[in-house]
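S.K.: Taken in sequence, the protein lines are chains Y and A.
All residue numbers for the first sequence refer to the numbering used here, where the first residue is 1 and numbers rise by one.
All residue numbers for the second sequence refer to the numbering used here, where the first residue is 1 and numbers rise by one.
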Amino acid sequence: MMKEPPQQSAVELVGSECPKCGKRAFPTRAFCERCGNDAGMRETPLSRRGVLYSFTVVHIAPPVFPVPYAIGFVDLPGDVRVLAQIDADPRLRIGDEMELAATVGGEAADGIGSAIRFRRVAT
Amino acid sequence: MTRFARHTRTVEDLGHEAVLTALRRAGIPREDIEEAFCGSGYGGPLVGQRVLRGLGMTGMPITNLENACSSGATALREAVTAIAAGRCDSALVLGVDKMTRFGGGTIPLEPTDPDVRQGMVMPALYAMRANRYMYETGATASDLALVSVKSRANASHNPYAQYQKPCTVEEVLASRPVADPLTLFMCSPTADGAAATVLGTERKMRELGVAKPIRVAASILQSGLYQTGARDLAHSELGRRSARLAYEQAGLEPGDIDIAEVHDAFAIAEIMYYEAFGFCAENEGARFLREGGSAITGRTPVNTSGGLLSRGHPIGPTGVAQVCESVWQLRGEAGPRQVSSPKVALTHCSGGGIAGLDHGASTVHILVA
């Protein structure tokens, strides 16, 4: 039995993994800022699940972002932190388990230029 | 310095007032200034030259520096370095910015930054610090409000401050939400202004007959560490590191600091910096505040000027304005907000929001009477 059903959409975040020191990072990059390696950085799909480190609901922002909206830092396995838009949820708390909901707009697979959205995992 | 406020005057005009005031108070003729350093976040190209040409102070080396909110303090460090290196005997440090040019709202960040493209604004970064800090320490939104209450109370005695009207915890909490849990009164306001100071060698100060020269005992600039993974938002590694280096350079300890002007761009920041600078133990910042440790009458008075929250935060001038306040305090010229005979002052600016860094830049200076 599969531990997790495959997602209907192919939405995922792609990060980098350094072949030398194993450091993962998001978004993708050609240079490992930890060990200095610049050869053969691998693209790697990142976990769709992580833990909410902190978040806020923003009420004043440039017009490009309609307010209010929530953003938060989500920590993914392998020491990768992603800043994402968070689906509104009054139950939202630091430490919540989160899952990738969507990447909206933009064509780049690394999510830059698009809004990365996470949502609270229903419990 | 000029009063920090929403001015209709130009950057050049604000700069003139600050420079002329600084020269007059230092008793130095403009011809004696050998170099000038100008910090500005958003003043545009060649701000220093644009200000100084109108005062006939051209021809000498003029260096313009941008380091976000640390721009003015970075200019100060460059002046200190130039004098210490023997390159000049006197230097002018100027900070100037006009933030009302953007109309208001959050300060403009670099649009290509990955976090900014996800909706990051400065209040959101500090709001996430606040939420994490409260989660880890049990501090409350009322504690954050107390920072603003103290700030406004101090600023009510500072004619240079943007907001001089005292306020209550209830008023702070009831003010408009900006980024939860931060309300409007917990955020530094949109300001215009300029601040300037004159630095010189000991010999130059004697030659000018300066009655109470203030010594720069430490001048530190650091940058945030780039971390793509876990990063502690509730404690300032960058602030702690900058202060440690400053204490080492000055041969002093946190207990030696009599007054401090710290970068309270948002209320949570001041609480975090009490801890980072060693004014109290880690996670004890809110208690230190509640018990009056940072009040004008407390063990380590912090932001007697009203800080960024109430004196105002026009970006470039902020670090220089902190020096102005410290010098007035150390000379006993601070009027009704005067601390009882301080001898050692610490000033601190933390600049900028870019992805992966605690902050872009951090400066700590220690001044000794």
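Using N, Cα and C, we set each Cβ at its ideal position, and we do this for glycine too.
In chain A, which residues lie with their C-beta within 7 Å of the C-beta of ASP75 (chain Y)?
M.R.: Walking along the first sequence from the start, residue 75 (chain Y) turns up at place 75. Within 7 Å Cβ-Cβ: ALA230.
S.K.: Kindly indicate the opening and closing residues of the beta strand (DSSP E) around LEU92 (chain A).
M.R.: Numbered from its first residue, the second sequence carries residue 92 (chain A) at position 92. Looking at the DSSP string, the run of the beta strand (DSSP E) that includes LEU92 (chain A) is 90-98.
S.K.: In the DSSP output, what is VAL14 (chain Y) paired with across the bridge?
M.R.: Taking the first sequence and counting its residues from 1, the one referred to as residue 14 (chain Y) is at position 14. In DSSP, VAL14 (chain Y) forms a bridge with Y:PRO45.
S.K.: Anyone know if the C-beta pair for VAL93 (chain A) and ALA68 (chain A) falls short of 8 Å?
M.R.: Locating residue 93 (chain A) in the second sequence gives position 93, counting from the first residue. Locating residue 68 (chain A) in the second sequence gives position 68, counting from the first residue. No.
S.K.: So, is the C-beta of MET128 (chain A) closer than 8 Å to a C-beta in chain Y?
M.R.: Counted from its first residue, the second sequence places residue 128 (chain A) at position 128. MET128 (chain A) counts as touching chain Y.
S.K.: For the segment 150-180 of chain A, which residues have a CB atom closer than 7 Å to at least one CB atom of chain Y, in sequence order?
M.R.: Those residues of the segment 150-180 of chain A that come within reach of chain Y (Cβ to Cβ, closer than 7 Å) are PRO177, VAL178, ALA179, ASP180.
S.K.: Can you tell me where the alpha helix (DSSP H) with ALA243 (chain A) in it begins and where it stops?
M.R.: Along the second sequence, read from residue 1 onward, the residue named residue 243 (chain A) stands at position 243. Unbroken alpha helix (DSSP H) run through ALA243 (chain A): 237-250.
S.K.: Given a cut-off of 8 Å on the beta-carbon distance, is the pair LEU367 (chain A) and ILE257 (chain A) in contact?
M.R.: Taking the second sequence and counting its residues from 1, one reaches residue 367 (chain A) at position 367. Taking the second sequence and counting its residues from 1, one reaches residue 257 (chain A) at position 257. For LEU367 (chain A) and ILE257 (chain A), no; Cβs fall outside 8 Å.
S.K.: Return the residue from the list A:ARG176, A:ALA141, A:ARG25, A:ASN154 that minimises the CA-CA distance to GLY335 (chain A).
M.R.: Within the second sequence, residue 335 (chain A) is the residue found at index 335, counting from 1. Closest option to GLY335 (chain A), Cα to Cα, is A:ASN154.
S.K.: According to DSSP, simplified to helix, strand and coil, what is TYR126 (chain A)?
M.R.: On the second sequence, position 126 is the one that residue 126 (chain A) refers to. Three-state result, TYR126 (chain A): helix.
S.K.: Using beta-carbon positions only, say whether VAL80 (chain A) and ASN64 (chain A) come within less than 8 Å of one another.
M.R.: Here residue 80 (chain A) is taken as the residue at index 80 of the second sequence, counted from 1. Here residue 64 (chain A) is taken as the residue at index 64 of the second sequence, counted from 1. No. Outside cutoff.
S.K.: To the nearest angstrom, how far is it from the Cα of PRO124 (chain Y) to the Cα of PRO108 (chain A)?
M.R.: This structure does not reach residue 124 (chain Y), given that chain Y is present from 1 up to 123, and the question cannot be answered.
S.K.: In whole angstroms, what is the alpha-carbon distance linking GLU31 (chain A) and ILE83 (chain A)?
M.R.: Residue 31 (chain A) sits at position 31 when you count from the first residue of the second sequence. Residue 83 (chain A) sits at position 83 when you count from the first residue of the second sequence. Computed Cα separation, rounded: 17 Å.
S.K.: Under the DSSP definition of a beta bridge, which residues are partnered with ARG215 (chain A)?
M.R.: Indexing the second sequence from 1 puts residue 215 (chain A) at position 215. According to DSSP, ARG215 (chain A) bridges with A:VAL368.
S.K.: Could you tell me which residues DSSP pairs with GLN329 (chain A) in its beta bridges?
M.R.: Numbered from 1 along the second sequence, position 329 holds the residue referred to as residue 329 (chain A). Paired residue(s): none; GLN329 (chain A) is not in a bridge.
S.K.: Does the distance from the CB of HIS416 (chain A) to the CB of VAL364 (chain A) come in under 8 Å?
M.R.: Nothing in the structure corresponds to residue 416 (chain A), since chain A is present only between 1 and 369.
S.K.: In angstroms with no decimal places, state the Cα-to-Cα distance between PRO301 (chain A) and ALA295 (chain A).
M.R.: Counting from 1 along the second sequence, the entry for residue 301 (chain A) is found at position 301. Counting from 1 along the second sequence, the entry for residue 295 (chain A) is found at position 295. Near 5 Å, if we compare the C-alpha coordinates of ALA295 (chain A) and PRO301 (chain A).
S.K.: Quick one: measure Cβ to Cβ for GLY41 (chain A) and GLU17 (chain A), integer angstroms, because I've assumed they're closer than 8 Å.
M.R.: On the second sequence, residue 41 (chain A) is found 41 positions in, with the first residue counted as 1. On the second sequence, residue 17 (chain A) is found 17 positions in, with the first residue counted as 1. Actually they are not in contact, since the Cβ atoms of GLY41 (chain A) and GLU17 (chain A) sit about 19 Å apart, beyond 8 Å.
S.K.: So, is the C-beta of PRO66 (chain Y) closer than 8 Å to a C-beta in chain A?
M.R.: Here the question's residue 66 (chain Y) lines up with position 66 in the first sequence. Judged by the 8 Å Cβ criterion, PRO66 (chain Y) is not in contact with chain A.
S.K.: Curious, which full-length beta strand (DSSP E) runs of at least 3 residues does the segment 2-76 of chain A contain?
M.R.: Runs of the beta strand (DSSP E) inside the segment 2-76 of chain A: 35-39, 62-65.
S.K.: To the nearest angstrom, how far is it from the Cα of THR28 (chain Y) to the Cα of SER16 (chain Y)?
M.R.: In the first sequence, counting from the first residue as 1, residue 28 (chain Y) sits at position 28. In the first sequence, counting from the first residue as 1, residue 16 (chain Y) sits at position 16. When rounded, the distance between both Cα atoms is 5 Å.
S.K.: Mapping DSSP to helix, strand and coil, what is PHE55 (chain Y)?
M.R.: Here residue 55 (chain Y) refers to the residue found at position 55 when the first sequence is read from its first residue. In the structure shown, PHE55 (chain Y) sits in a strand (DSSP, three-state: E or B).
S.K.: Nearest by alpha-carbon distance to ALA260 (chain A): which of A:SER362, A:ARG87, A:THR304 is it?
M.R.: Indexing the second sequence from 1 puts residue 260 (chain A) at position 260. The option with the nearest alpha carbon to ALA260 (chain A) is A:THR304.
S.K.: May I ask you to list, following chain order, the residues of the segment 31-45 of chain Y that have a beta carbon less than 9 Å from some beta carbon of chain A?
M.R.: Cβ contacts with chain A come from GLU33, ARG34.
S.K.: In whole angstroms, what separates the C-alpha of LEU23 (chain A) from that of THR197 (chain A)?
M.R.: If you number the second sequence from 1, residue 23 (chain A) lands on position 23. If you number the second sequence from 1, residue 197 (chain A) lands on position 197. Rounded to whole angstroms, LEU23 (chain A) to THR197 (chain A) spans 8 Å at the Cα level.
S.K.: Got a sec, what are the start and stop residues for the alpha helix (DSSP H) PHE288 (chain A) sits in?
M.R.: Within the second sequence, the letter at position 288 stands for residue 288 (chain A). First-last of the alpha helix (DSSP H) with PHE288 (chain A): 285-290.
S.K.: Which two residues bound the contiguous beta strand (DSSP E) that contains PRO114 (chain A)?
M.R.: Reading the second sequence from its first residue, position 114 is the one you call residue 114 (chain A). Counting along the chain, PRO114 (chain A) falls outside any beta strand (DSSP E), though it belongs to the alpha helix (DSSP H) covering 114-117.
S.K.: Could you give the distance in angstroms between the alpha-carbon of GLY316 (chain A) and the alpha-carbon of SER70 (chain A)?
M.R.: Here residue 316 (chain A) corresponds to residue number 316 of the second sequence, with the count starting at 1. Here residue 70 (chain A) corresponds to residue number 70 of the second sequence, with the count starting at 1. Whole-angstrom Cα-Cα distance: 7 Å.
S.K.: How would you list, in chain order, the residues of chain D whose beta-carbon sits under 7 Å from the beta-carbon of TYR247 (chain A)?
M.R.: As a matter of chain content, chain D is missing from the structure shown, whose protein chains are Y and A.
S.K.: Whose C-beta lies closer than 7 Å to the C-beta of ARG337 (chain A) among residues of the same chain, with five residues either side of it excluded?
M.R.: The count along the second sequence starts at 1 and reaches residue 337 (chain A) at position 337. Closer than 7 Å at Cβ, skipping near neighbours: ASN154, HIS157, ASN158, ILE296, THR304.
S.K.: Taking Cβ to Cβ, would you say GLU99 (chain Y) is nearer than 8 Å to ARG48 (chain Y)?
M.R.: Working through the first sequence from its first residue, we reach residue 99 (chain Y) at position 99. Working through the first sequence from its first residue, we reach residue 48 (chain Y) at position 48. In this structure, ARG48 (chain Y) lies closer than 8 Å to GLU99 (chain Y) by Cβ.
S.K.: In terms of residue numbering, what span does the beta strand (DSSP E) encompassing ASP75 (chain Y) cover?
M.R.: For this step, residue 75 (chain Y) is matched to residue 75 along the first sequence. Start and end: 69-76.
S.K.: Of all the residues that make up the segment 115-127 of chain A, which are near chain Y by a beta-carbon distance shorter than 8 Å?
M.R.: The segment 115-127 of chain A vs chain Y, Cβ under 8 Å: ASP115, ARG117, GLN118, GLY119, MET120, VAL121, PRO123, ALA124, ALA127.
S.K.: Taking only beta-carbon positions, decide if SER47 (chain Y) is within less than 8 Å of chain A.
M.R.: Counted from its first residue, the first sequence places residue 47 (chain Y) at position 47. Not closer than 8 Å to any Cβ of chain A, the Cβ of SER47 (chain Y) fails to qualify, so no.
S.K.: For LEU52 (chain Y) and LEU182 (chain A), what's the separation of their Cα atoms in angstroms?
M.R.: In the first sequence, the residue the question calls residue 52 (chain Y) occupies position 52. In the second sequence, the residue the question calls residue 182 (chain A) occupies position 182. One C-alpha to the other measures close to 19 Å.
S.K.: Can you tell me whether LYS98 (chain A) is buried or exposed, with buried defined as 16 or more other CB within 10 angstroms of its CB?
M.R.: Here residue 98 (chain A) corresponds to residue number 98 of the second sequence, with the count starting at 1. Classification for LYS98 (chain A): buried.
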